[in-house]
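Worksheet for the structure shown next.
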Amino acid sequence: MLDTTLVPKKKRPIDWVNAAFITLTPVVAVVGTSLYVARHGVTWLELANFLAMFLLTGISITAGYHRYYAHRTYDCNKPLRLFYLVFGAAAVENSLLNWAADHRRHHQFVDSDEDPYNILKGGLYAHMGWIFFKNPRTPQVRYKNVPDLLKDPMVRWQHRWYLPLVILATFAVPTYIGLIQGRPTGGLLWGGFLRVVVVHHMTFFINSIAHLWGTRPYSQDNTARDNWWLGPLTFGEGYHNFHHAFQADYRNGVRWYHFDMGKWWIRSFAAVGWAWRLKRAPEPAILSARLKTEMQAIQLRFEASGLPATTREKIESYLRGGKETLEAALSRYHQARIDYRRQKDRWTEETRRQWSLKLAQYKSDFYLARAHWRERVRRIHRIPQPSAQGLVTLTALLDLLKTKFPSV
Ligand SMILES: [Zn+2]
Ligand SMILES: [Zn+2]
């Protein structure tokens, strides 16, 4: 359901406070810090000030604003929530209430006029241009998607005191740290202005780069993309295609080797009991999403191949069989792992041993089905594109149809 209370696009007014802040802070950060360093040098405390404030505010946006408050991917205790609200404010990316309302709207209406940072309006608009305009929605409409946050007294407190919190945590604290060495201006520039600008643009990259460049292995339905090199630049938010497909998952980089500081931070607090109920998308659902996009890519290739419809149908039904075999193998292995974990403490040593063997068998069945699937997909992608007569090489097709999926 689209909102009908939008101010017509042509009348959308500029938010002069936002525009001035977003434009002037980089000038102060770059020119001011350069001049200061040229004149007074730099100390280890100024670098530490920058690094500490950078890490604390960046992780508060990723693990707090984004994954805890906007998506509710886990639960955590009050001290951690307070930390997220204070240092999230120090990132100067708006109050949590506004940030989360915009972000939930982005997920709900991605790539449409209702998406606050719609990438289809251009990379620069999605990166920072949208911030230059006043929000066109009435509060009733804007906050309709955050009823849980409106009920939270800590969130309401942060929203109400957002400006004093920004002044205190963003500028006063780093300045005070600088005073330790008698260099308050150095503290303000390094831990305040320069750090704010770096964290700003790292967050903005997710709205621009992560919707422009990269792969779409989990869903082709929107512009969100996975990008391994964006992870280290954004506290681990580089796997944005996965995130849009599974927004309730506390992870962004789903594989253990994916760089995701947010995931590691949340797990660390879970280990000491400060965070709990970490939500994960089930492995079979993740695999099904991948297989669906692989099938879509193959169908597109077939459509362009000029293959006779009967041959296409034959190959597609053969592939569907392989896909179902692979999905069934993972579901069985996944369920067996859950059952084993839940019940192993009640079992005898012998039952546990038998289950371990069964699990090993299921795991190997899954790996085998996956290897066969990958091989078939590889062969299909090796089939040459249509010749002048619009036919593909027959031997490649015969080769493909000759092999069978293992039954597991
Ligand atoms: Zn999100
Ligand atoms: Zn997005």
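When you line the sequence shown up against my numbering, it's residues 436 to 843, in that order. The beta-carbon is built from N, C-alpha and C at its ideal position, and this holds for glycine as well.
From Ala706 to Ala795, what does the alpha carbon distance come to, in whole angstroms? The residue you call residue 706 lines up with position 271 of the sequence shown. The residue you call residue 795 lines up with position 360 of the sequence shown. Taking the straight line from one Cα to the other gives about 28 Å.
Heavy atom of ligand 2 less than 7 Å from the Cβ of Ala683, yes or no? Walking along the sequence shown from the start, residue 683 turns up at place 248. Incorrect: Ala683 has no Cβ contact closer than 7 Å to ligand 2.
If Asn676 sits next to Gly649, beta carbons under 8 Å apart, how far is it from one beta carbon to the other, in whole angstroms? Stepping through the sequence shown from its first residue, residue 676 is reached at position 241. Stepping through the sequence shown from its first residue, residue 649 is reached at position 214. With 8 Å as the limit, Asn676 and Gly649 qualify as a contact, their Cβ atoms being about 7 Å apart.
Beta-carbon spacing of Tyr797, Arg767 below 8 Å: Locating residue 797 in the sequence shown gives position 362, counting from the first residue. Locating residue 767 in the sequence shown gives position 332, counting from the first residue. Yes, the Cβ-Cβ distance between Tyr797 and Arg767 is below 8 Å.
Trp565 and Tyr578 look like a contact to me (Cβ under 8 Å); what is the Cβ gap, rounded to whole Å? Looking up residue 565 in the sequence shown gives position 130. Looking up residue 578 in the sequence shown gives position 143. Between Tyr578 and Trp565 the Cβ distance is about 18 Å, and since that is not below 8 Å, they are no contact.
Given Tyr504 as reference, the closest of Phe568, Asp583, Val521 and Val465 once Cα atoms are compared: Working through the sequence shown from its first residue, we reach residue 504 at position 69. For the residues Phe568, Asp583, Val521 and Val465, the minimum Cα distance to Tyr504 belongs to Asp583.
Below 8 Å on the Cβ atoms is my contact criterion, and I expect Thr728 with Arg651 to pass it. Report the Cβ-Cβ distance as a whole number of Å. Your numbering for residue 728 matches position 293 in the sequence shown. Your numbering for residue 651 matches position 216 in the sequence shown. Contact flag correct, Cβ pair sits at about 7 Å.
Which of helix, strand or coil DSSP assigns to Ile701: Residue mapping note: residue 701 aligns to position 266 of the sequence shown, counting from 1. Ile701 falls in the helix class under three-state DSSP.
Are Trp625 and Glu528 close, meaning C-beta to C-beta below 8 Å? What you label residue 625 is simply residue 190 of the sequence shown in a count that begins at 1. What you label residue 528 is simply residue 93 of the sequence shown in a count that begins at 1. No, these two residues do not count as a Cβ contact at 8 Å.
For the alpha helix (DSSP H) that contains Ile554, what are its first and last residues? Locating residue 554 in the sequence shown gives position 119, where the first residue counts as 1. No alpha helix (DSSP H) holds Ile554; DSSP gives it neither H nor E.
Which ranges would you report for the alpha helix (DSSP H) in the stretch 660-743 if only whole runs of at least 4 residues count? 675-680, 696-706 and 718-740
Under 8 Å between C-beta atoms of His693 and Ser643: Taking the sequence shown and counting its residues from 1, the one referred to as residue 693 is at position 258. Taking the sequence shown and counting its residues from 1, the one referred to as residue 643 is at position 208. Not closer than 8 Å, so no.
Determine contact between the stretch 659-676 and the stretch 708-724, defined as no fewer than three beta-carbon pairs at a distance below 8 Å. no
Note down, in chain order, each residue of its chain lying with its Cβ closer than 6 Å to the Cβ of Pro448, except the 5 sequence neighbours on either side. Mapped onto the sequence shown, residue 448 falls at position 13. Within the same chain, Pro448 has close Cβ partners Lys569.
His542: CB within 7 Å of a non-hydrogen atom of ligand 1: Looking up residue 542 in the sequence shown gives position 107. Result yes, Cβ under 7 Å from ligand 1.
In whole angstroms, what is the alpha-carbon distance linking Gln593 and Asn580? To locate residue 593, count along the sequence shown from 1; it is residue 158. To locate residue 580, count along the sequence shown from 1; it is residue 145. Distance between the alpha carbons of Gln593 and Asn580: 18 Å.
What separation, rounded to the nearest whole angstrom, lies between the Cα atoms of Leu459 and Thr638? Position 24 of the sequence shown, counted from the first residue, corresponds to residue 459. Position 203 of the sequence shown, counted from the first residue, corresponds to residue 638. The alpha-carbon atoms of Leu459 and Thr638 are separated by roughly 18 Å.
Cβ-based burial, Ala744 [other Cβ within 10 Å; buried from 16]: Numbered from 1 along the sequence shown, position 309 holds the residue referred to as residue 744. So Ala744 ends up on the exposed side.
So, helix, strand or coil for Ile449, using DSSP? As a position in the sequence shown, residue 449 is number 14, starting the count at 1. Of the three classes helix, strand and coil, the one that applies to Ile449 here is strand, per DSSP.
Pairwise C-alpha distance: Gln778 and Asp382: Outside the shown range of the chain, which is 436 to 843, sits residue 382, and nothing can be said about it.
Rounded to the nearest angstrom, what separates Phe704 and Arg474 at their Cα positions? For this step, residue 704 is matched to residue 269 along the sequence shown. For this step, residue 474 is matched to residue 39 along the sequence shown. Approximately 42 Å between the Cα atoms of the pair.
Continuous alpha helix (DSSP H) stretch holding Gly621: start and end: For the purposes of this step, residue 621 is taken as residue 186 along the sequence shown, with counting starting at 1. Looking at the DSSP string, the run of the alpha helix (DSSP H) that includes Gly621 is Pro619 to Gly622.
Is His646 near ligand 2 - that is, is its Cβ less than 7 Å away from at least one heavy atom of it? The count along the sequence shown starts at 1 and reaches residue 646 at position 211. It does: the Cβ of His646 is within 7 Å (strictly closer) of some heavy atom of ligand 2.
Alpha carbon to alpha carbon, how far is Phe489 from Gly666? Give it in angstroms, no decimals. As a working note, residue 666 is residue 231 in the sequence shown. As a working note, residue 489 is residue 54 in the sequence shown. Distance between the alpha carbons of Gly666 and Phe489 is about 16 Å.
For a test of the three-state rule: what should DSSP assign to Thr478, helix, strand or coil? Position 43 of the sequence shown, counting from 1, holds the residue named residue 478. In this structure, Thr478 counts as coil in the three-state DSSP scheme.
Once you ignore the five residues that flank Gln824 on each side, which residues in its own chain have a CB closer than 6 Å to its CB? Within the sequence shown, numbered from 1, the residue matching residue 824 stands at position 389. With a pLDDT of 47 at Gln824, under the threshold of 50, the modelled position of that residue is not reliable, and the figure given next carries that caveat. Answer for Gln824: no residue qualifies.
In angstroms, rounded to a whole number, what distance separates the CA positions of Val521 and Ser495? Residue 521 sits at position 86 when you count from the first residue of the sequence shown. Residue 495 sits at position 60 when you count from the first residue of the sequence shown. So the alpha carbons of these two residues sit roughly 9 Å apart.
Taking 8 Å as the cut-off, decide whether the C-beta atoms of Met589 and Leu517 are in contact. Counted from its first residue, the sequence shown places residue 589 at position 154. Counted from its first residue, the sequence shown places residue 517 at position 82. Yes, they are a contact pair.
May I have the straight-line CA-CA distance separating Tyr653 from Ala739, to the nearest angstrom? Counting from one through the sequence shown, the residue named residue 653 turns up at place 218. Counting from one through the sequence shown, the residue named residue 739 turns up at place 304. Approximately 22 Å between the Cα atoms of the pair.
Any heavy atom of ligand 1 closer than 7 Å to the Cβ of His769? Position 334 of the sequence shown holds residue 769. Flag unset: Cβ of His769 not near ligand 1.
CA-CA distance, Gln543 and Pro717? Within the sequence shown, numbered from 1, the residue matching residue 543 stands at position 108. Within the sequence shown, numbered from 1, the residue matching residue 717 stands at position 282. Their backbone Cα atoms lie some 22 Å apart in a straight line.
Cα-Cα separation, Arg507 to Phe670: On the sequence shown, residue 507 is found 72 positions in, with the first residue counted as 1. On the sequence shown, residue 670 is found 235 positions in, with the first residue counted as 1. Each residue's alpha carbon lies about 18 Å from the other.
Please identify the residue among Ala724, Ile815 and Lys556 whose C-alpha is closest to the C-alpha of His646. Residue 646 sits at position 211 when you count from the first residue of the sequence shown. With distances taken between Cα atoms, His646 lies closest to Lys556.
Please report the residue range of the alpha helix (DSSP H) in which Ser799 lies. Locating residue 799 in the sequence shown gives position 364, counting from the first residue. Looking at the DSSP string, the run of the alpha helix (DSSP H) that includes Ser799 is Glu784 to Arg817.
Report yes if the CB atom of Phe380 is closer than 8 Å to the CB atom of Leu668, and no otherwise. Coverage of the chain is limited to positions 436 through 843, which leaves residue 380 absent and any answer about it impossible.
What is the residue span of the alpha helix (DSSP H) that Ala536 lies within? Taking the first residue of the sequence shown as 1, we reach residue 536 at position 101. Note, Ala536: alpha helix (DSSP H), Leu531 to Gln543.
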